[in-house]
Amino acid sequence: MRKLTLPVMMAASLILAAPVRADTSLGDMVNSLAQTLLTPELDKRAYIAAQNANTPRAYRDYLLQYPKGIYRGNAMSALAALGEGVDPSQPYPPQDGNIQPPAQQEAALGLRLSEKIAIQRRLKSLGYPTHGTDGIYGPNTRRAISNWQSANRQPVTAYLTETQARLLLGKTGPVVTPPRDDGGGLVSSAQVEAALGLTRSQRIEIQRQLTAIGYNTGIADGLWGSNTRTAIARWQTRNSQTATGYVTGPQVRLIARQAGQTGGPPPLDAAGNAALEESLLNLMPDEKADLQQRLTRLGYTIYSTNGVFGRTSRTAIGNWQSDEGLAVTGYLTADQVRTIRVETGG
405 MRKLTLPVMM AASLILAAPV RADTSLGDMV NSLAQTLLTP ELDKRAYIAA QNANTPRAYR
465 DYLLQYPKGI YRGNAMSALA ALGEGVDPSQ PYPPQDGNIQ PPAQQEAALG LRLSEKIAIQ
525 RRLKSLGYPT HGTDGIYGPN TRRAISNWQS ANRQPVTAYL TETQARLLLG KTGPVVTPPR
585 DDGGGLVSSA QVEAALGLTR SQRIEIQRQL TAIGYNTGIA DGLWGSNTRT AIARWQTRNS
645 QTATGYVTGP QVRLIARQAG QTGGPPPLDA AGNAALEESL LNLMPDEKAD LQQRLTRLGY
705 TIYSTNGVFG RTSRTAIGNW QSDEGLAVTG YLTADQVRTI RVETGG
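As numbered in my numbering, the sequence shown has no gaps in its residue numbers, which increase by one up to the final residue, 750.
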């Protein structure tokens, strides 16, 4: 939003210099201009979210929000590639009255209790209080969703679409925060990177990839200090990206492709590596027992909370990882331990 401040001020000065009709509100004119400047960026973000999800429903959500959007043609082509027949010459979605009501659309997502809790906590952290993070969407949560939708220039329904749910769960990158008094409102670059939930191993791999393609990060230890941030910024500049020093999801995948890999940093899918990662946490028996209790509260059955991660605990961890969209290893990372604690009240 800060980048838009100067254009809005210039536009406001031009408006002041021109005659204004008595029935025209200067504030409305400035707000209208600001919204016009914001719309292409929000359009782009919505399409990126749909592209990352890469499902027919996600592209339909985008087209519902932006029926005349900049990326309408891309979304139509993606739908066709996914096997959904579309006619580019006709409006989309078809205006035949068969579109599901918002409540049914959200119900069809099948959000788990842990995901609902995570969404409530995300809304609260962004400044939209739900007055409870229990996974039950009552009037307060619906009001928070409505306010978030309004701030994001999306149809206000109080119910989530797939794209919106993925945004709030941090699975697709940037989320727009509520407007601030200083005219800000767009999420910071650091918040965008934090929403990716990169593990320590993934950060190490990204450092190695950057160094391999000519952007020296120094020691690849997963701790991103000034050397790594400078390397990221240099890479962004050379690749016609905004030089922030913080990565986005698409940038992580592009770095991996340039380094000769596909799909970004590899998940901890090897049991040996995952077990080693967890062992480095040095979890005490009482901490393991606490995690067992928290997983039980989230609905993942563990028959004994004795502080020993046996077969049932590993199965429960794997099921939780699967529901969170993570690599299923049965072993926890530091980030996953924190997520479980957040989902169960800290």
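Note that the Cβ used here is the ideal one computed from N, Cα and C, for glycine as well.
Nothing here was measured: the structure is a model prediction, and the numbers come from that model.
| Query | Result |
| --- | --- |
| Tell me whether A599 sits in a helix, a strand or coil according to DSSP, three-state version. | coil |
| Can you name the start and end residues of the alpha helix (DSSP H) that V712 belongs to? | Taken as a continuous stretch (DSSP letters only), V712 belongs to no alpha helix (DSSP H), as it is neither H nor E. |
| Rounded to a whole number of angstroms, what is the C-alpha to C-alpha distance between I540 and I610? | 38 Å |
| At which residues does the alpha helix (DSSP H) containing A555 begin and terminate? | P543 to A555 |
| Quick check: Y697 and T709, are their CB atoms within less than 8 Å of each other? | Before going on, a small fix: residue 697 reads as Gln here, not Tyr. Yes, the Cβ-Cβ distance between Q697 and T709 is below 8 Å. |
| Please classify R661 as buried or exposed, where buried requires at least 16 other C-beta atoms within 10 Å of its C-beta. | exposed |
| By the 10 Å Cβ neighbour count, where 16 or more other Cβ atoms means buried, how is Q508 classified, buried or exposed? | exposed |
| Looking at the structure shown, is A511 part of a helix, part of a strand, or coil, going by DSSP? | helix |
| Answer yes or no: do A599 and G574 have a C-beta to C-beta separation smaller than 8 Å? | yes |
| Let me know the secondary structure DSSP gives R718 once reduced to three states. | helix |
| Whole-angstrom Cβ separation of A738 and L685, contact assumed at under 8 Å? | 6 Å |
| What is the rounded straight-line gap between the Cα of Q469 and the Cα of P559? | 7 Å |
| Taking the alpha-carbon of T733 as reference, which of A720, G542 and R742 has the nearest alpha-carbon? | A720 |
| Give every residue of the same chain whose Cβ lies closer than 7 Å to the Cβ of T534, excluding the five residues on either side of it in the sequence, and list them in chain order. | Q524, L527, K528, N544, T545 and A548 |
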